[in-house]
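Undergrad: Please find one structure pasted underneath; my questions will follow.
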Ligand code: AMP
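In the numbering used here, the protein residues as written are 1 to 298.
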């Protein structure tokens, strides 16, 4: 495995692989690599002839300097995780090479969805994410790019960017890796105190509550949202930011769910803000017709 600061090295490795007819897999990360990232690397390893990861703590996507300063930087761990999961190239560029003129003048507008949910809580976040992803894709070139469902809104925005800007990339979504108690694995979990860590699974519990209601046939968005808010609100160490249910296709808030939907929560535990989400189970109307299951979801 090669670790390089130089974008030109990654560009050349990817071009060489494509010239041999190999598929290039690309996994962009902020570093502090863990099992969640490793699952993306492994998926890319299975599907591609060359696996490129990037490790770049992108200042453009942090709206708070404290949050950026507190983000873990673990280059030795990053190398070990990437190598064990089968990466070929790790591109860890310097900030001055990514943004030679400081904050770029031209950036990617994340559109309407980019200002909702995470975008409403973290102004400028998705503009920063999409801008750096577009720049990294410009380095790597045509590829399959892997993103976690853990950051479902980000995954959706990257898909929309690829579609709307005709980027030569196939965006691949990968399932969320969780701890045994349901907490989504995240670099931020290391910042939780023991008490906060014990409280944090409440996010997954709230999402699971919504999923149980959904499976029983509850379709009203406000009922599902209220249940999640109640569950998170009952945990004294959690400060709820939002509990949402959106239509998977439009990402608009669901009034009455009629097709694939996703529940999302964000909450702070002390100074650490965590997010999580879960696809809500059907049966949705077309499934009912297809499987012949009884109506009403009893
Ligand atoms: P980050 O370094 O936080 O920007 O994450 C890099 C990529 O890894 C993103 O596509 C994330 O969605 C994905 N990721 C982070 N945590 C997980 C997890 N627990 N399970 C699956 N993917 C994850």
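Think of the CB as a built atom: it goes at the ideal place given N, C-alpha and C, for glycine as much as any other residue. Quantities reported herein were computed from a predicted structural model and do not represent experimental measurements.
1. Got a sec, what are the start and stop residues for the beta strand (DSSP E) residue 54 sits in?
2. Going by other Cβ atoms of all chains shown within 10 Å of its Cβ, with 16 needed for buried, is residue 101 buried or exposed?
3. Going by C-alpha to C-alpha distance, which of 173, 249, 240, 212 sits closest to residue 36?
4. Between 60, 220, 210, 96, which has its C-alpha nearest residue 7's C-alpha?
5. Excluding the 5 residues flanking residue 260 on each side, which residues of the same chain have their C-beta closer than 6 angstroms to its C-beta?
6. Starting from the C-beta of residue 132, find all residues in its chain whose C-beta is less than 8 angstroms away, skip the five residues before and the five after it, and write them out in chain order.
7. Whose C-alpha, out of 211, 69, 114, is nearest the C-alpha of residue 225?
8. Please check the pair residue 221 and residue 245, which I expect to be a contact at CB under 8 angstroms, by giving their CB distance rounded to whole angstroms.
9. Under DSSP, the alpha helix (DSSP H) around residue 303 begins and ends at which residues?
10. Flag residue 185 as yes when its Cβ comes closer than 7 angstroms to any non-hydrogen atom of the ligand AMP, and as no otherwise.
11. Taking the beta strand (DSSP E) that residue 149 belongs to, which residues open and close that run?
12. Cα separation between residue 17 and residue 192?
13. Go through its chain and collect everything with a Cβ distance to residue 279's Cβ below 6 angstroms, but skip five positions before and after it.
14. Is residue 125 near the ligand AMP, going by C-beta to nearest heavy atom under 7 angstroms?
15. Find the nearest neighbour of residue 48 within the set 93, 243, 24, 149, judged by alpha-carbon distance.
16. Can you name the start and end residues of the beta strand (DSSP E) that residue 274 belongs to?
17. At what residue ranges does the segment 188–261 contain a whole run of the beta strand (DSSP E), taking only runs of 3 or more?
18. In terms of DSSP beta bridges, what is residue 92 paired with?
19. What does the Cβ neighbour count give for residue 240, buried or exposed, with the cut at 16 atoms within 10 Å?
20. Would you say residue 104 lies against chain C (beta-carbon separation less than 8 angstroms)?
21. So, do the segment 145–164 and the segment 113–129 have three or more beta carbon pairs nearer to each other than 8 angstroms?
22. Mapping the DSSP letters down to three states, classify residue 32 as helix, strand or coil.
23. In whole angstroms, what separates the C-alpha of residue 64 from that of residue 271?
24. If you pair each beta-carbon of the segment 194–212 with each one of the segment 166–183, do three or more pairs fall below 8 angstroms?
25. Is it right to say residue 78 is buried, meaning 16 or more other beta carbons lie within 10 angstroms of its own, or is it exposed?
26. From this set, 236, 215, 235, 206, which residue's C-alpha is nearest residue 228's C-alpha?
27. Shortest alpha-carbon distance to residue 217 belongs to which of 84, 94, 179, 285?
28. Shortest alpha-carbon distance to residue 90 belongs to which of 236, 269, 5, 215?
29. For a test of the three-state rule: what should DSSP assign to residue 68, helix, strand or coil?
30. With 16 other CB atoms within 10 Å as the buried threshold, where does residue 214 fall?
31. Is it the case that the CB of residue 151 approaches a heavy atom of the ligand AMP more closely than 7 angstroms?
TA: Taking the geometry as given:
1. 50–55
2. exposed
3. 173
4. 96
5. 248
6. 28, 56, 58, 60, 61, 98
7. 211
8. 5 angstroms
9. The structure shown does not extend to residue 303, since the chain is modelled only from 1 to 298, so the question has no answer here.
10. yes
11. First-last for residue 149: undefined, no H or E at that position.
12. 41 angstroms
13. 262
14. no
15. 24
16. 272–280
17. 238–247
18. Paired residues: none, contrary to the question.
19. buried
20. Absent here is chain C; the protein component of the structure consists of one chain.
21. yes
22. coil
23. 12 angstroms
24. yes
25. buried
26. 206
27. 285
28. 5
29. helix
30. buried
31. yes
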